[in-house]
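In the working numbering, the protein residues as written are 10 to 291. All C-beta atoms in this analysis are idealised placements derived from N, C-alpha and C, irrespective of residue type, glycine included.
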């Protein structure tokens with residue numbers, strides 16, 4: 010993303026929209042400027058502001074006149090009056106920033122938009138997490154904070170050393186140069202994204218060990234870490250195995266989603282019958 014200095018009138022509207030605080034008014038240039046190192050290419054500025062096409066010279070003149078007369082000028086806060094934002098053509102490795110930061114862009118590795126992962130939310134269909142297992146989603150980064158792949162690698166290396174199984178249908182896993190060690194491609198380690206999710210699966214008996222491992226790594230990296238746990242419910246729809254472990258560790262649990270099996274996979278014959286009858290499973 011770039012701001013055309015010939016069009017920008019330094020209204021400052023875009024500085025409030027950027028979730029990373031990467032846009033500022035340069036005091037020398039007197040133009041809105043993007044800190045490219047902090048920009049995660051989320052396109053919030055481009056998509057979140059209405060684009061008007063007023064003449065930049067006219068707008069600057071009016072603003073100067075108001076300033077000279079000590080008249081306070083409050084432009085519409087959700088508008089770029091001169092359509093100064095002009096997206097660059099992103100190339101590797103910078104293109105990974107947008108893939109992880111713009112929720113409207115599907116990941117090439119999984120075809121899923123957002124962070125590129127279903128996060129165990131379709132477990133009734135995919136069967137990623139079975140009885141006696143815990144599927145952990147470890148999210149690194151948040152709006153206003155972000156995360157660099159160097160810090161993501163720190164987490165992945167620690168998890169790999171513990172012998173966990175990384176989810177194959179996950180963008181972070183696809184960017185690893187060595188899944189066995191959790192190493193991520195060197196050419197993207199300095200790239201920054203809004204957030205990313207690492208997915209792993211372990212036996213229930215290792216749940217506390219993994220949580221404590223994440224706690225340990227969190228102290229060494231410069232970002233925010235959030236943990237989610239996907240487990241199988243019993244026949245009553247309750248989790249009486251993993252929940253007590255997490256509560257003992259100090260978590261106040263919130264149930265995010267319960268799959269009741271309506272999307273379960275059928276046999277090949279059932280799938281063909283659904284297609285022939287004009288129906289398809291969700």
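Is residue j closer than 8 angstroms to residue i when the C-beta atoms are compared?
i           : j           : result
residue 256 : residue 210 : no
residue 159 : residue 199 : yes
residue 16  : residue 86  : no
residue 143 : residue 240 : yes
residue 12  : residue 40  : yes
residue 207 : residue 251 : no
residue 114 : residue 167 : no
residue 36  : residue 118 : no
residue 154 : residue 232 : yes
residue 234 : residue 149 : yes
residue 236 : residue 147 : yes
residue 124 : residue 109 : yes
residue 217 : residue 262 : no
Out of the options, point me to the one whose CA is closest to residue i's CA.
i           : options            : result
residue 266 : 94, 215, 39, 133   : 133
residue 268 : 124, 242, 155      : 242
residue 215 : 236, 231, 171      : 171
residue 205 : 68, 169, 152       : 152
residue 27  : 38, 36, 44         : 44
residue 25  : 10, 38, 58         : 58
residue 195 : 156, 262, 102, 189 : 102
residue 106 : 121, 70, 156, 61   : 156
residue 96  : 71, 70, 10, 77     : 10
residue 246 : 264, 217, 259      : 264
residue 60  : 78, 178, 23, 73    : 23
residue 178 : 121, 189, 228      : 121
Determine, for residue i, whether the minimum Cβ-Cβ distance to residues of chain C falls below 8 angstroms.
i           : result
residue 247 : This model lacks chain C altogether, as it is built from one protein chain only.
What residues match up with residue i in a beta bridge as DSSP calls it?
i           : result
residue 27  : Partner(s): none; residue 27 has no beta bridge.
residue 89  : 60
residue 113 : In the DSSP output, where bridge partners are listed per residue, residue 113 has none listed.
residue 35  : 40
residue 95  : 11
residue 234 : 149
residue 21  : None, per the DSSP bridge assignment.
Please tell me whether, using a cut-off of 7 angstroms, the distance from the CB of residue i to the nearest non-hydrogen atom of the ligand ZN is below it.
i          : result
residue 94 : With respect to small molecules bound, the structure shown includes none, and the ligand ZN cannot be examined in it.
Which runs of the alpha helix (DSSP H) at least 4 residues long sit entirely within the segment 151-215? Give them in chain order.
As for any alpha helix (DSSP H) of minimum length 4 sitting wholly inside the segment 151-215, the runs are 158-170, 180-183, ordered along the chain.
Any 3 or more C-beta pairs closer than 8 angstroms across the segment 137-146 and the segment 112-129:
yes
Counting beta carbon pairs with one atom in the segment 219-228 and one in the segment 184-204, are three or more of them shorter than 8 angstroms?
no
State whether the segment 11-29 contacts the segment 87-102, with contact taken as three or more CB pairs (one from each stretch) at a distance under 8 angstroms.
yes
Under 8 angstroms: do the segment 181-196 and the segment 146-163 share three or more Cβ pairs, one atom per stretch?
yes
Just list the alpha helix (DSSP H) runs in the segment 244-268, keeping only unbroken ones of 4 residues or longer that don't cross its boundaries, in chain order.
Entirely contained in the segment 244-268, the alpha helix (DSSP H) runs reaching 4 residues are, in chain order, 251-257.
Would you call the segment 26-33 in contact with the segment 43-51, where contact means no fewer than 3 C-beta pairs closer than 8 angstroms?
yes
Can you list, in chain order, the stretches of the beta strand (DSSP E) that have 3 or more residues and sit fully within the segment 113-151?
Runs of the beta strand (DSSP E) inside the segment 113-151: 142-149.
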